[in-house]
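Peer 1: Numbering (my numbering), first residue to last: 95 to 645.
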Ligand code: SF4
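1) How many whole angstroms separate the CB atoms of residue 518 and residue 542, which I take to be in contact at a CB cut-off of 8 Å?
2) If you follow the beta strand (DSSP E) that residue 143 is in, where does it begin and where does it stop?
3) Is any heavy atom in the ligand SF4 found nearer than 6 Å to the beta carbon of residue 216?
4) Can you give me the C-alpha to C-alpha distance between residue 294 and residue 239, rounded to a whole angstrom?
5) Going straight from the alpha carbon of residue 388 to that of residue 288, what length do you get?
6) Check whether the Cβ atoms of residue 146 and residue 252 sit closer than 7 Å, and answer yes or no.
7) Just mark residue 121 as buried or exposed, buried being the case when its beta carbon has 16 or more other beta carbons within 10 Å.
8) In this structure, what does DSSP give as the bridge partners for residue 452?
9) May I ask whether a heavy atom of the ligand SF4 can be found less than 6 Å away from the beta carbon of residue 385?
10) Does DSSP classify residue 543 as helix, strand or coil?
11) Is the segment 467–487 close to the segment 442–451, with three or more CB pairs under 8 Å?
12) Residues in its own chain within less than 6 Å of residue 298 by CB, not counting five upstream and five downstream?
13) Which residues bound the alpha helix (DSSP H) around residue 469?
14) Residue 437: which of 585, 241, 577, 108 sits nearest, CA to CA?
15) Sort out for me which residues DSSP pairs residue 496 with in a bridge.
16) Between residue 251 and the ligand SF4, is the CB less than 6 Å from at least one heavy atom?
17) Could you check where the alpha helix (DSSP H) with residue 288 kicks off and where it finishes?
18) Pick out whichever of 350, 123, 620, 597 has its Cα sitting closest to the Cα of residue 101.
19) Could you say if the segment 619–634 and the segment 562–571 meet the contact criterion of at least three C-beta pairs nearer than 8 Å?
20) Which residue or residues does DSSP assign as beta-bridge partners of residue 384?
21) When the cut-off is 7 Å and only beta carbons count, does residue 147 lie next to chain B?
22) Confirm, please, whether the CB-CB distance from residue 220 to residue 356 is below 7 Å.
23) Would you identify the three-state DSSP class for residue 417, choosing helix, strand or coil?
24) Would you mind stating whether residue 617 and residue 560 have Cβ atoms separated by less than 7 Å?
25) For a minimum of 3 consecutive residues, which ranges assigned as the beta strand (DSSP E) are wholly contained in the segment 161–212?
26) Can you look up residue 557 in the DSSP assignment and give me helix, strand or coil?
27) Which residues does DSSP pair with residue 642 in a beta bridge?
28) For residue 271, does the count of other Cβ atoms within 10 angstroms reach 16, so buried, or fall short, so exposed?
29) Looking at residue 153: is its Cβ nearer than 7 Å to the Cβ of residue 250?
30) Could you name the residues of the same chain whose beta carbon sits closer than 6 Å to that of residue 577, not counting the 5 residues immediately before and after it, in chain order?
31) Indicate the three-state DSSP secondary structure (helix, strand or coil) for residue 587 in the structure shown.
32) When you compare only the Cα positions, how much space is there between residue 156 and residue 246?
33) Starting from residue 111 and walking both ways along the alpha helix (DSSP H), at which residues does that stretch end?
34) Within 10 Å of its beta-carbon, does residue 418 have 16 or more other beta-carbons around it, so buried, or fewer, so exposed?
Encoded structure:
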């Protein structure tokens, strides 16, 4: 197989780092061929690869590259999808705990698998076959992973102790590849628990027992009293109370609902289960802190290094890769990496571009700084967006520090536009943009779109302009402050740069990456904030001589 220039140049260096038990970080842009490279390196060093990705959709590119390598068909590929996706009776929105396998006759009916199709399609067909032939797709997949040379899993299976331990595989035997590794510090989000009026309403609707309904209604009334509609996270001094006896009543009802659904072979989400989980996590997990956020109470972990300590395990071999890795110093301090590591920036190492490029345009007459905020500034930002839109060759991705600013600025825009919200699915954006030659897409830093949107046609990006509307610093709310406090305690000093500037830089880089999906892409990056006119930003964004503009 013909390797790309950077792959040829760096392969031996990375293999030697792996053999010397270093923790390897590989920073290389999207579209540069990292997936195939890591599979090759893993098979040549450890002989087996465990590939970790964020979502099931990202299984497909790994399988595609596996097929390119496995021309002799002597390697085995395997993957795992959770019960909500792979169970024969799940309607998709159920959570794992809602599915009571102990009452299912298929639990021990498993078959041997040969994955020859893309994972999403494979599971669909496996479910069909499972119904016809009477076996469990989930346990068949589970049984298969230990036999494979290349396994793909989502992050929680590995980074959350209880899931990792349940897999029963010898992790020492694999090169563990962490894809899009800048995301790993968000692992705590998977353990987040939320109590909302919507959740309680749905639980009340599903409940049969009047006393259960009464308890849930009382929790809801208290929640409405405690929570308020704020976008940032405010520490909650109390949560709606519930006694141990009341929890027991909820659990009895939950068990009955689980039993009924498995008997009917139709399992959908049991909202009561999420209410119970919220209270159990609050009681059992001291790391989770309650916050008020958008009329909900959210339990969040404030020590982001907690889940990452497995990376310091010398018995395990890791390759962490991304197009936008945080700086090495940040990784060591914020992720609390104490193990010997090697950090390779591909373009710097080989002194060549391995993906597309961008030019910067810097606006010096606007800013999202707190004391300058207001309708006059939002209107000016709106005018800038229109200016960008009218000169753009394709779609414009605009990235805002918050939903509030996005809604205010986009209120001035009357051209085809799409606004992200917390519940938006990327698929709705895909169908929206198909109707227009160009649109303005409104996204929020650290939201779904800046992380996951991929608008590509015939191998070329459909985003011609990326607009950074103000610096997307994380909000200085109680959550960020508590995270800062935890890390400062560990490091023995203040760490503002790490908690505000570096995350903002990562968001800007990530947003730029949305426009550059391959070697032939070129985007205009509009830095709409005068604070970008500093050496720190220009150096870190590689924009030493940006064209300056004013309205
Ligand atoms: S098919 Fe049966 S055993 Fe398999 S995941 Fe569903 S409930 Fe569990």
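Note that the Cβ used here is the ideal one computed from N, Cα and C, for glycine as well.
Peer 2: According to the structure data:
1) The beta carbons of residue 518 and residue 542 sit about 7 Å from each other, so the pair counts as a contact at 8 Å.
2) Its beta strand (DSSP E) spans residues 143–147.
3) No.
4) Straight-line Cα distance between these residues: approximately 38 Å.
5) Separation of residue 388 and residue 288 (C-alpha to C-alpha, rounded to the nearest whole angstrom) is 11 Å.
6) Residue 146 is a Cβ neighbour of residue 252, given a cutoff of 7 Å.
7) Residue burial is scored here from C-beta neighbours: residue 121 has at least 16 other C-beta atoms within 10 angstroms and is therefore classed as buried.
8) Residue 452 is bridged to 617.
9) No, since every heavy atom of the ligand SF4 falls outside the 6 Å radius drawn around the Cβ of residue 385.
10) Of the three classes helix, strand and coil, the one that applies to residue 543 here is helix, per DSSP.
11) No, because fewer than three Cβ pairs between the segment 467–487 and the segment 442–451 fall closer than 8 Å, the two stretches do not touch.
12) The residues 307, 310, in chain order, have a CB closer than 6 Å to that of residue 298 in the same chain once the five nearest residues on each side in sequence are set aside.
13) That run of the alpha helix (DSSP H) goes 469–485.
14) Out of 585, 241, 577, 108, 108 has the C-alpha closest to the C-alpha of residue 437.
15) Residue 496 pairs with nothing; no bridge assigned.
16) For residue 251, the CB stays at least 6 Å from every heavy atom of the ligand SF4.
17) That residue, residue 288, is in no alpha helix (DSSP H); its beta strand (DSSP E) goes 287–289.
18) Of the candidates 350, 123, 620, 597, the one whose C-alpha sits nearest the C-alpha of residue 101 is 123.
19) They touch, by the three-pair rule.
20) Beta bridge pairing from DSSP links residue 384 with 393.
21) Any reference to chain B falls outside this structure, which holds one protein chain only.
22) Taking 7 Å as the Cβ cut-off, residue 356 and residue 220 do not qualify as a contacting pair.
23) Here DSSP, grouped into helix, strand and coil, assigns residue 417 to coil.
24) Yes.
25) Unbroken beta strand (DSSP E) runs of no fewer than 3 residues, entirely contained in the segment 161–212, are found at 171–173, following chain order.
26) Correct three-state label for residue 557: strand.
27) Residue pairing by DSSP places residue 642 opposite 456 in a beta bridge.
28) By the 10 Å Cβ count, residue 271 comes out buried.
29) It is not a contact, given that the beta carbons lie outside the stated cut-off.
30) Excluding residues within five positions, the ones whose Cβ falls inside 6 Å are 396.
31) Residue state, collapsed to three classes: coil.
32) Cα to Cα, residue 156 sits roughly 8 Å from residue 246.
33) Here the alpha helix (DSSP H) through residue 111 covers 99–113.
34) Per the 10 Å Cβ criterion, buried.
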